[in-house]
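If you read the sequence shown in our numbering, its first letter stands for residue 329, the second for the next number, and so on.
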Amino acid sequence: MNGWFIAAGTLLTAAFFVHVVSGNRFYTAACPGRNAAADKAYEAWLMGRCGVQMITADLALGAVFLLLLGFGAIPRNFQLELFLLLTYGGWFLLWLVSLGYERAAKTRYLRLCHWALFLTVALLVLLGM
C-alpha cells in the first residue's frame, strides 16, 4: 500500500464530484444563449464545454489509477507515476501562468484555487514515488 497515492486519489475523487455538480452548475450559468447575435460566444462556450468534459475524464482517470496504485491493485509503474506527476504538476504551473497572463486580480487566485489541488496532488504523487 502507498498512502501518498491513496491520499492523492481520494482528493481527486472528491474533486471529481465537486467538479461534476458545482462546476457544471457554474459553467451552465455562463451560457450566453443560443440566439444569432451571440452565435460566436455560444460556439466558444460550447468549445469550453468540451474542455469541462475533458477535465472530468482526467480527474476520474487520475483518481482511479492513483487509487489502484495506492492499494496495490496494479503493480508499481514508474512511467504511469511520472505521467501523473507531470500532468498535475503541469496543470498547477500552467493554471498559475494563465491567471498571470490574464492579469487576474489577486482575489481570483483564491477564488479559482484549482492550482492548490493540482499542487497538492503533484506533491503527493512525488512523495509516493
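Note that CB positions come from ideal geometry on N, CA and C, so glycine has one too.
Quantities reported herein were computed from a predicted structural model and do not represent experimental measurements.
Exposed or buried, which one is residue i when buried takes at least 16 other CB atoms within 10 Å?
i: ASN405; result: exposed
i: ALA357; result: exposed
i: PHE393; result: buried
i: GLY456; result: buried
i: GLU430; result: exposed
I need the DSSP call for residue i, collapsed to helix, strand or coil.
i: MET329; result: coil
i: ILE334; result: helix
i: ARG353; result: helix
i: TRP401; result: The identity of residue 401 in the sequence shown is Ala, whereas the question assumes Trp. Three-state DSSP puts ALA401 in coil, outside helix and strand.
i: ALA432; result: coil
Starting from residue i, trace the alpha helix (DSSP H) in both directions and tell me its first and last residue.
i: ILE383; result: 367-398
i: ALA450; result: 442-456
i: GLY418; result: 406-429
i: ARG362; result: From DSSP, ARG362 is part of no alpha helix (DSSP H); its letter is neither H nor E.
List the whole-angstrom C-beta distance separating residue i from residue j, where the pair is believed to meet the contact cut-off of C-beta under 8 Å.
i: ALA391; j: GLY337; result: 5 Å
i: GLY417; j: ILE334; result: Contact flag wrong, Cβ pair sits at about 19 Å.
Does the structure place the segment 434-453 close enough to the segment 397-417 that three or more beta carbon pairs sit under 8 Å?
The segment 397-417 is in contact with the segment 434-453.
Is there contact between the segment 372-391 and the segment 341-360, where contact requires at least three CB pairs shorter than 8 Å?
Contact between the segment 372-391 and the segment 341-360 is present, because at least three Cβ pairs lie under 8 Å.
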